[in-house]
């Protein structure tokens, strides 16, 4: 397997922990970040700054979308316009919690934090503990 390819990625047909009470969002991010060789703390901070660690609105159950750009989806606010086709080609479903996390780990492994540069003032704050 080439560097940056992840066999642990949930495919569109698999929602490994979707809705599971046994694994918190932070634990799921930590697990996938470690498997991808990404700093778990950095990954959790980015997700916190992007979505307050939420894939779905707790009241409505609807997918979290960006306030400024509704094409941004889920925990890591992955933009549909730029990433939906590629994420599907790779077998990730960014509309599921684990798929959103896994595709974010893929992006972090390929381009570092470039895709989250707009939220850098938040996640780079050394006082932020998630």
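In our numbering, the protein residues as written are 95 to 224. We treat Cβ as the ideally placed atom computed from N, Cα and C, and that holds for glycine.
So the candidates are the options; which of them puts its Cα closest to the Cα of residue i?
| i | options | result |
| --- | --- | --- |
| residue 198 | 121, 132, 161 | 132 |
| residue 204 | 159, 130, 150, 136 | 130 |
| residue 138 | 160, 181, 171 | 171 |
| residue 224 | 127, 125, 168, 147 | 147 |
| residue 219 | 136, 123, 120, 175 | 136 |
| residue 173 | 153, 142, 194 | 194 |
Exposed or buried, residue i, counting other C-beta atoms within 10 Å across all chains shown (16 or more means buried)?
| i | result |
| --- | --- |
| residue 208 | exposed |
| residue 166 | buried |
| residue 213 | buried |
| residue 145 | buried |
| residue 221 | exposed |
| residue 177 | buried |
| residue 211 | exposed |
| residue 192 | buried |
| residue 196 | buried |
| residue 118 | exposed |
| residue 123 | buried |
Using a threshold of 8 Å, state whether the C-beta atoms of residue i and residue j are closer than that.
| i | j | result |
| --- | --- | --- |
| residue 140 | residue 149 | no |
| residue 168 | residue 186 | no |
Start-end ranges of the alpha helix (DSSP H) lying completely within the stretch 117 to 192, minimum 4 residues: Listed in chain order, the alpha helix (DSSP H) runs fully inside the stretch 117 to 192 are 119 to 130, 134 to 145, 174 to 183, counting runs of at least 4 residues.
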